[in-house]
Amino acid sequence: MKTAAPINLYDLTRPELSAQFVRWGFSPVHAARLWNYLYLALADSFSAEAMPDLPEKVRARLRAEASLGHLPTALETDSSDGFTRKYLLTLADGERIETVLMRFTGRVTACISSQVGCAMGCVFCATGQMGYTRHLTPGEIVAQAVHVARALRVGRTVPGEPRLGEDASPYPCARLRNIVLMGMGEPLHNYDAVMHAIDILRDEAGLAIAAERITLSTVGVVPGILRLAQEMRPLHLAVSLHAATQAERAALVPAAKKWPLDELMAACRTYSEATGRRIFDEWTLIEGKNDSPAHARAVGELLRSLPAQVNLIPLNPTTGYDGAPTHNEAAKRFQKILADEFKLPSTVRQRRGIDIAAGCGQLAVAAEAGSQ
Ligand code: SF4
Numbered sequence: 011m012k013t014a015a016p017i018n019l020y021d022l023t024r025p026e027l028s029a030q031f032v033r034w035g036f037s038p039v040h041a042a043r044l045w046n047y048l049y050l051a052l053a054d055s056f057s058a059e060a061m062p063d064l065p066e067k068v069r070a071r072l073r074a075e076a077s078l079g080h081l082p083t084a085l086e087t088d089s090s091d092g093f094t095r096k097y098l099l100t101l102a103d104g105e106r107i108e109t110v111l112m113r114f115t116g117r118v119t120a121c122i123s124s125q126v127g128c129a130m131g132c133v134f135c136a137t138g139q140m141g142y143t144r145h146l147t148p149g150e151i152v153a154q155a156v157h158v159a160r161a162l163r164v165g166r167t168v169p170g171e172p173r174l175g176e177d178a179s180p181y182p183c184a185r186l187r188n189i190v191l192m193g194m195g196e197p198l199h200n201y202d203a204v205m206h207a208i209d210i211l212r213d214e215a216g217l218a219i220a221a222e223r224i225t226l227s228t229v230g231v232v233p234g235i236l237r238l239a240q241e242m243r244p245l246h247l248a249v250s251l252h253a254a255t256q257a258e259r260a261a262l263v264p265a266a267k268k269w270p271l272d273e274l275m276a277a278c279r280t281y282s283e284a285t286g287r288r289i290f291d292e293w294t295l296i297e298g299k300n301d302s303p304a305h306a307r308a309v310g311e312l313l314r315s316l317p318a319q320v321n322l323i324p325l326n327p328t329t330g331y332d333g334a335p336t337h338n339e340a341a342k343r344f345q346k347i348l349a350d351e352f353k354l355p356s357t358v359r360q361r362r363g364i365d366i367a368a369g370c371g372q373l374a375v376a377a378e379a380g381s382q
C-alpha cells in the first residue's frame with residue numbers, strides 16, 4: 011500500500027497548522043508552540059531538545075507524518091566583497107534551486123526562487139536559458155527564507171563561526187526583513203503557491219516580513235498583475251521592462267509577445283491605482299542595445315504618467331548571451347536624462363556577487379557544468 015507523503019510543515023499557514031493538529035486530536039496550543047519553534051526558534055528537528063514544550067506523543071506524530079522540508083545545501087559560496095552569499099539548495103526530488111543572501115546598507119535581503127527553471131525565456135538570463143522544469147510548492151518557497159534566517163542566526167550567535175562579511179562589512183548581522191522574489195522562475199506563473207507562501211512569510215507571529223518589504227519581480231504576466239490588483243495585495247511590484255517599444259522588448263523578453271507592452275502598461279496602472287503603490291521598473295542595461303540617450307527618453311515617455319521608479323541594472327553576463335554590461339558613465343547619463351527631462355526617480359543597482367555568479371540561474375548552470 012502506498013504511504014502518504016509527509017506533510018511539509020512550511021506549506022501550512024498558522025490556521026492550517028492549527029486545523030491539522032485538531033485533525034490529529036491534539037490541542038491548538040501545541041500547534042501554536044510548534045509554529046514558534048518553526049519560525050522563531052527556527053528549529054531543524056523534532057527532537058525534545060529542539061522542541062522541549064511539545065509532548066513526546068506530538069513529536070512522534072510529527073516524526074511519522076510531517077517533515078520540516080529541509081533544503082540541503084549542495085553548494086554555498088561567498089562573494090569576494092563578503093556582501094553576498096549564494097546557496098544552491100536541493101529539493102526532495104533532487105532538483106536544485108538558488109537562494110541568495112544579500113547585504114545592502116543596513117539591511118539583509120533574501121532573494122528566493124519560485125520555480126525550478128523558468129518558462130519565460132528572457133534571452134540574457136541563465137535560468138531562462140535553462141528552460142522550465144516545475145513550480146515550487148509554498149513550503150519550498152518558505153523554506154528558502156528559513157534557510158537564510160538560520161544562516162543569519164548562526165552568523166550572530168555561534169562563537170568561532172565565520173560571519174558573513176565580517177572582515178568587509180561594517181554592518182552587523184541582522185534579522186531577515188526583506189524578501190525579493192527575483193531568483194529562479196516567474197512568480198506570477200506560479201501565482202497560488204507564491205501567494206500562499208507570502209501569507210506564511212508575512213504572518214506577524216512568525217517571520218513577520220512586512221508586505222512592503224516583499225518585492226515580487228515579474229516579466230510582465232498581465233493576468234497575474236491584474237489579479238494582484240483585484241486581491242489588493244500591496245507588494246513591492248517590480249516589472250522587468252528592459253525596452254520601451256514592443257518590438258525591442260519582444261526581442262529581449264519573449265513573454266512580451268503574449269502580453270504586449272500596451273497591455274502591460276495598462277495592467278501596471280490598474281495595480282497602482284488599486285493599491286496606491288508605485289511601480290518599480292527594472293531595466294537591464296546592455297551595452298549598445300538599450301542604453302542610449304534615445305532609449306532613456308523612450309522609457310521616460312512611456313512612464314511619464316505612471317507613479318514609477320526605474321531600477322537600472324548593468325547586465326550580469328551569462329555564457330548563453332552575447333551581450334556586455336553598460337559602462338558606469340553611460341548608466342549615469344541614462345539616469346540623468348530620466349531625472350532632468352522626466353523627473354523620473356531611478357537607481358543604478360550595485361552589482362553584487364558577480365564573482366559568485368549571483369545572477370539567477372548562473373550558479374545552477376555552473377554546477378551542472380561541473381565548473382564550480
Ligand atoms: S529573467 Fe526572470 S522571468 Fe526572465 S527567464 Fe530569467 S527567471 Fe525567468
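When we follow this note's numbering, the leftmost residue of the sequence shown carries the number 11, and every step to the right adds one. Think of the CB as a built atom: it goes at the ideal place given N, C-alpha and C, for glycine as much as any other residue. Model, not experiment: these values are computed from the prediction.
Exposure of residue i, with buried meaning 16 or more beta-carbon neighbours within 10 Å
| i | result |
| --- | --- |
| Leu50 | exposed |
| Asn200 | buried |
| Gly193 | buried |
| Ala161 | buried |
| Asp272 | exposed |
| Ser37 | exposed |
| Ala254 | buried |
| Pro169 | Residue placement at Pro169 is poorly supported in this model, since its pLDDT is 35, which falls under 50; the coordinates are not used for a value here. |
| Thr147 | buried |
| Thr83 | exposed |
| Ala58 | exposed |
| Val32 | exposed |
Residue i, DSSP secondary structure in three states
| i | result |
| --- | --- |
| Ser282 | helix |
| Pro297 | Looking at the sequence itself, residue 297 is Glu, so the reference to Pro does not match. DSSP places Glu297 in coil when its eight states are reduced to three. |
| Tyr20 | helix |
| Pro264 | helix |
| Arg409 | There is no way to answer for residue 409, as the model of the chain reaches only from 11 to 382. |
| Val358 | strand |
| Asn46 | helix |
| Phe31 | helix |
| Gly344 | The amino acid at residue 344 is misidentified as Gly; the sequence shows Phe. If DSSP states are grouped into helix, strand and coil, Phe344 belongs with the helices. |
| Gly141 | coil |
| Ala318 | strand |
| Pro335 | strand |
| Leu217 | coil |
| Val231 | coil |
| Val190 | strand |
| Ala159 | helix |
| Asp291 | strand |
| Val39 | helix |
| Pro62 | coil |
| Leu52 | coil |
| Pro25 | helix |
| Leu146 | coil |
| Leu78 | coil |
| Leu274 | helix |
| Pro327 | coil |
Beta-carbon contacts of residue i that lie in its chain and below 6 Å, excluding the five residues immediately before and after
| i | result |
| --- | --- |
| Glu297 | Ala334 and Thr336 |
| Ala248 | Thr225, Ser227, Phe290 and Glu292 |
| Ala178 | Its pLDDT being 34, under 50, Ala178 is placed unreliably in this model, and the value from its coordinates should be taken loosely. Asp91 and Gly92, listed in sequence order. |
| Ala129 | Tyr142 |
| Ser282 | Ile289 and Pro317 |
| Arg144 | Val126 |
| Val204 | Ser124 and Pro197 |
| Tyr47 | Ala53 and Met61 |
| Cys132 | Gly138 and Val263 |
Contact with chain B by residue i, beta-carbon distance below 8 Å
| i | result |
| --- | --- |
| Gly216 | Here chain B cannot be found, since the structure has a single protein chain. |
Expected contact under 8 Å - CB spacing of residue i and residue j to nearest Å
| i | j | result |
| --- | --- | --- |
| Ser123 | Glu108 | 6 Å |
| Ala102 | Ala155 | That pair is no contact at about 18 Å. |
| Gly230 | Leu191 | Not confirmed; about 14 Å, so no contact. |
| Lys267 | Ala257 | Going by Cβ atoms, the distance from Lys267 to Ala257 rounds to 10 Å, so no, they are not a contact pair. |
| Cys135 | Thr328 | 7 Å |
| Asp54 | Leu78 | 6 Å |
| Gly216 | Trp45 | 6 Å |
| Asp202 | Thr23 | Not really, about 13 Å apart at Cβ, beyond 8 Å. |
| Ala341 | Leu312 | Not a contact, Cβ separation roughly 19 Å. |
| Ala308 | Leu348 | With 8 Å as the limit, Ala308 and Leu348 do not qualify as a contact, their Cβ atoms being about 11 Å apart. |
Boundaries (first-last residue) of the beta strand (DSSP E) holding residue i
| i | result |
| --- | --- |
| Ile385 | Within the shown structure, residues of the chain are numbered from 11 to 382, placing residue 385 beyond reach of any answer. |
| Val68 | Looking at the DSSP string, Val68 is not in any beta strand (DSSP E); the run it does join, the alpha helix (DSSP H), is Glu66 to Glu75. |
| His246 | His246 to Ser250 |
| Asp88 | Thr83 to Asp88 |
| Gly127 | Gln125 to Gly127 |
| Ala308 | Where Ala308 is concerned, there is no enclosing beta strand (DSSP E), although the alpha helix (DSSP H) it sits in stretches over Pro303 to Leu312. |
| Val118 | Arg117 to Cys121 |
Residues of its chain near residue i, where Cβ-Cβ distance is below 7 Å and the 5 sequence neighbours each way are ignored
| i | result |
| --- | --- |
| Pro25 | none |
| Gln345 | Leu322, Ser356 and Val358 |
| Val232 | Trp269, Glu273, Leu274 and Ala277 |
The alpha helix (DSSP H) enclosing residue i, as first and last residue numbers
| i | result |
| --- | --- |
| Ile208 | Tyr201 to Arg212 |
Contacts around residue i, its chain only, beta-carbon distance under 8 Å, and the 5 residues preceding and following it disregarded
| i | result |
| --- | --- |
| Pro244 | Ala221, Glu222, Thr285, Gly286 and Arg287 |
| Gln319 | Arg288, Ile289, Phe290, Asp291, Leu354, Pro355, Ser356 and Thr357 |
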